[in-house]
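Participant: Attaching a single structure in structure tokens format; questions to follow.
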């Protein structure tokens, strides 16, 4: 789930993540994010810090205080060490500074999902005659 108030960024990130095999939903503010996490149970939240109502730090704090352990990857232009430490201390799983490359975002999202056990392993089986091959994607 993408939580960002910039519609163009939500759209671009959603398209890029879908291209890499992720299912994506998105919301534009913190209060809607809190409701959506409860309703959708996403595997990962990409959370902007600077939102129009509740900032991302407060969204994270409220989720963690309510017992929600959904992995959170902060996406933000705030680059001060204090902000990074605050986000991680509140329960964020990673912190990525804007601007960032889509490749790095996908790699970090995949790594967070792998570390937290949230990724869904999909196995593909190909059978040809008596031979059988099984592949497991990295995500």
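In our numbering, the protein residues as written are 28 to 166.
Note that CB positions come from ideal geometry on N, CA and C, so glycine has one too.
(1) So, is residue 69 buried or exposed, given that buried needs 16 or more other C-beta atoms within 10 angstroms?
(2) Which same chain residues, not among the five before or five after residue 135, have their C-beta less than 7 Å away from its C-beta?
(3) Tell me the DSSP secondary structure of residue 53 in three-state form.
(4) DSSP has residue 121 in a bridge; who is on the other side?
(5) Do the CB positions of residue 45 and residue 84 come within less than 8 Å of each other?
(6) For a quick check, are the C-beta atoms of residue 87 and residue 118 less than 8 Å apart?
(7) What are the boundary residues of the alpha helix (DSSP H) that includes residue 115?
(8) Could you check how far apart the C-beta atoms of residue 57 and residue 81 are, in whole angstroms? I think they sit under 8 Å.
(9) Can you say whether residue 28 is buried or exposed, counting buried as having 16 or more other CB atoms within 10 angstroms of its CB?
(10) What separation, rounded to the nearest whole angstrom, lies between the Cα atoms of residue 39 and residue 105?
(11) Residue 90 and residue 30: beta carbons closer than 8 Å?
(12) Quick one: using the 10 Å Cβ neighbour count with 16 as the cut-off for buried, is residue 98 buried or exposed?
(13) Hey, residue 72 and residue 103 are a contact pair by Cβ (cut 8 Å); roughly how many whole angstroms apart?
(14) With residue 36 as the anchor, note down where its alpha helix (DSSP H) starts and where it stops.
Facilitator: The answer reads as follows:
(1) buried
(2) 100, 121, 123
(3) In this structure, residue 53 counts as strand in the three-state DSSP scheme.
(4) 100
(5) Taking 8 Å as the Cβ cut-off, residue 45 and residue 84 do not qualify as a contacting pair.
(6) Less than 8 Å separates the beta-carbon of residue 87 from that of residue 118.
(7) From DSSP, the alpha helix (DSSP H) with residue 115 extends over 108-116.
(8) 3 Å
(9) buried
(10) 20 Å
(11) No, these two residues do not count as a Cβ contact at 8 Å.
(12) buried
(13) Not a contact, Cβ separation roughly 13 Å.
(14) 34-46
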